[in-house]
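Have a look at the structure below, then the notes.
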Amino acid sequence: MSEQVTRELFDEVMVPNYAPAKVIPVRGQGSRVWDQEGREFVDFAGGIAVSGLGHCHPALVEALKTQGEKLWHLSNVMTNEPALRLAKKLVDATFAEKVFFCNSGGEANEAAFKLARRYAIDEFGAHKTQIIAFTQAFHGRTFFTVSVGGQASYSDGFGPKPGDITHVPYNDLAALEAIISDNTCAVVMEPLQGEGGIISPTPEFARGVRELCDKHNALLVFDEVQSGMGRTGELYAYMGLGVTPDILTSAKALGGGFPIGAMLTTTKIAAHFKVGTHGSTYGGNPLACAVAEAALDTINTPAVLNGVKQREQWMREGLEAINAKYHCFSEIRGKGMLIGAVLNEQYQGRSRDFLTASVDQGLLALVAGASVVRFAPSLIIPEQDIREGLARFEKAVAHVVGA
Ligand SMILES: *Cc1c(COP(=O)(O)O)cnc(C)c1O
Numbered sequence: 000m001s002e003q004v005t006r007e008l009f010d011e012v013m014v015p016n017y018a019p020a021k022v023i024p025v026r027g028q029g030s031r032v033w034d035q036e037g038r039e040f041v042d043f044a045g046g047i048a049v050s051g052l053g054h055c056h057p058a059l060v061e062a063l064k065t066q067g068e069k070l071w072h073l074s075n076v077m078t079n080e081p082a083l084r085l086a087k088k089l090v091d092a093t094f095a096e097k098v099f100f101c102n103s104g105g106e107a108n109e110a111a112f113k114l115a116r117r118y119a120i121d122e123f124g125a126h127k128t129q130i131i132a133f134t135q136a137f138h139g140r141t142f143f144t145v146s147v148g149g150q151a152s153y154s155d156g157f158g159p160k161p162g163d164i165t166h167v168p169y170n171d172l173a174a175l176e177a178i179i180s181d182n183t184c185a186v187v188m189e190p191l192q193g194e195g196g197i198i199s200p201t202p203e204f205a206r207g208v209r210e211l212c213d214k215h216n217a218l219l220v221f222d223e224v225q226s227g228m229g230r231t232g233e234l235y236a237y238m239g240l241g242v243t244p245d246i247l248t249s250a251k252a253l254g255g256g257f258p259i260g261a262m263l264t265t266t267k268i269a270a271h272f273k274v275g276t277h278g279s280t281y282g283g284n285p286l287a288c289a290v291a292e293a294a295l296d297t298i299n300t301p302a303v304l305n306g307v308k309q310r311e312q313w314m315r316e317g318l319e320a321i322n323a324k325y326h327c328f329s330e331i332r333g334k335g336m337l338i339g340a341v342l343n344e345q346y347q348g349r350s351r352d353f354l355t356a357s358v359d360q361g362l363l364a365l366v367a368g369a370s371v372v373r374f375a376p377s378l379i380i381p382e383q384d385i386r387e388g389l390a391r392f393e394k395a396v397a398h399v400v401g402a
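Reminder that position 381 of the sequence shown reads as 380 in numbering that gives the first Met the number 0, one-by-one numbering, no gaps.
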């Protein structure tokens, strides 16, 4: 079967909104992936920060098989056991008291923004609809979420956009303060910007955003689709910041590769999604929730979360050592297993070249914009795979810089 599937077939039958790499991976185990030809790759990408426990983790495979032989689907006319078990565990592990399930990060954010609008309109009146978000932010590809996202190139060209959305620069509290008002219903932020270039908030900024929201009765929405589920070494990044949002969205590593999204909030806010106000056919799907429960059980342990901090250190040391030889990065930034190697002046705009060279050396990596190479390995990647991946990345770097 796989002999007949070629990269050319993609161009023949797929909508051309992606430009996938030449290699066609067919199998994965842990932090290694193999392509059609049996070529092996070290995985520093995890999809795009999705495979938090690597590929085919035994606990997730077991959960999928067990649930797969029991019950795949129920409509939301019924409750189902896996969804309620997962919701209970998310509530117990976080600030949240209520959970809404969906199938992706974009859908979780769509729910969050609709809820924030509904809450503000119900509680304070029809004027309170402004959503403030940050430039370079990414929140998904539905029309509402892509409009709240801070990259006009993703949202332009589709006709009239959802209105009353304002963008200010990240880490610029004065800019937020200048624009926030009693008309603001929500401030939306990633507590570690992913797609925008792996940018951490300063602690003062995070605290300041919370204070401004409180002052103006605006909800603070944390998009933890990428930063959540252990990625930063905390179950959710807000825990490390010491700033608690009103609504939190989770997806990507939540299902470890099985599609699921979740919106978490308080009882008071959740009450505004009354029966019939929002929904999703597949939201709370038993297969997805069973896998996510296994992922949460596995990740939310001191061993895994502390292991992320250790792995961050190995990654940083390795990347700094490469940079000491080849002088191509201005900074290694990020947190936990979400790390950005920022290209310096000389290599601006060339992150794709580093990516392509990495694939040639047997390493899967990512970019975050044109000038940041992004790494999002499994939270439990073995030390030897980190060392091997870094060795391959060094060869890729040598190739790009022409050494
Ligand atoms: C990936 C991502 C999304 C979108 O998630 P999808 O599952 O692709 O809809 C939203 N927000 C952030 C921060 C992301 O990284």
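All residues carry an ideal CB built from backbone N, CA and C; glycine is no exception.
Hey, residue i and residue j: beta-carbon distance below 7 Å or not?
i, j, result
"Val167", "Leu175", "yes"
"Lys97", "Leu295", "no"
"Arg310", "Ile197", "no"
"Leu63", "Val290", "yes"
"Ser249", "Ala236", "no"
"Phe137", "Asn170", "no"
"Ala185", "Ala107", "no"
"Leu263", "Thr93", "yes"
"Lys214", "Val49", "no"
"Ile179", "Ile130", "no"
"Thr231", "Lys334", "yes"
"Phe143", "Phe99", "no"
"Gln360", "Lys394", "yes"
"Cys55", "Gln35", "no"
"Leu362", "Arg391", "yes"
"Ala293", "Ala58", "yes"
"Tyr118", "Ile259", "no"
Taking the alpha carbon of residue i as the point to measure from, which residue in the options has its own alpha carbon closest?
i, options, result
"Ala327", "Leu342, Gly335, Lys334", "Before going on, a small fix: residue 327 reads as Cys here, not Ala. Per the Cα distances, Leu342."
"Asp181", "Cys212, Gly207, Thr201", "Cys212"
"Lys160", "Val49, Val400, Ser146, Ala110", "Ser146"
"Glu233", "Pro301, Pro81, Arg6, Asn79", "Pro301"
"Leu304", "Leu363, Gly229, Ser377, Thr276", "Gly229"
"Val366", "Leu240, Phe43, Glu393, Lys21", "Phe43"
"Gln66", "Leu286, Gly317, Ile385, Ile338", "Leu286"
"Thr141", "Glu122, Ala110, Val371", "Ala110"
"Leu247", "Arg386, Gly241, Lys113, Val224", "Val224"
"Ala82", "Met314, Gly282, Leu337", "Gly282"
"Val428", "Ala375, Gly306, Asn299", "Here the chain has residues from 0 to 402 only, and residue 428 is not among them."
"Glu344", "Ala364, Val371, Met336", "Val371"
"Ser377", "Glu11, Gly46, Gly158, Lys127", "Gly46"
"Asp121", "Ala132, Ala320, Thr276", "Thr276"
"Thr280", "Gly53, Leu73, Ala375", "Leu73"
Determine the DSSP secondary structure at residue i, reduced to helix, strand or coil.
i, result
"His215", "coil"
"Ala340", "strand"
"Ala13", "Residue identity check: residue 13 is Met in the sequence provided, not Ala. Residue state, collapsed to three classes: coil."
"Pro24", "strand"
"Gly260", "strand"
"Ala236", "helix"
"Ser329", "strand"
"Thr266", "helix"
"Ser377", "coil"
"Ile47", "helix"
"Ile131", "strand"
"Arg31", "strand"
"Met65", "Reading off the sequence shown, one finds Thr at residue 65, where the question assumed Met. Three-state result, Thr65: helix."
"Val399", "helix"
"Leu73", "coil"
Within 6 Å: the Cβ of residue i and any heavy atom of ligand 2?
i, result
"Phe43", "This structure lacks ligand 2; the ligands present are ligand 1."
Within its chain, find whatever has a CB closer than 7 Å to the CB of residue i; leave out the 5 residues flanking it on each side and keep chain order.
i, result
"Val4", "Ile23"
"Gly348", "Ala369, Ser370"
Quick one: what's got a C-beta closer than 6 Å to residue i's C-beta in the same chain, skipping five residues either side?
i, result
"Gly368", "Gly196"
"Tyr153", "Val145"
"Cys288", "Pro81, Ala82, Leu85"
"Phe272", "Leu114"
Three or more beta-carbon pairs under 8 Å between the stretch 392–401 and the stretch 337–355, yes or no?
-> yes
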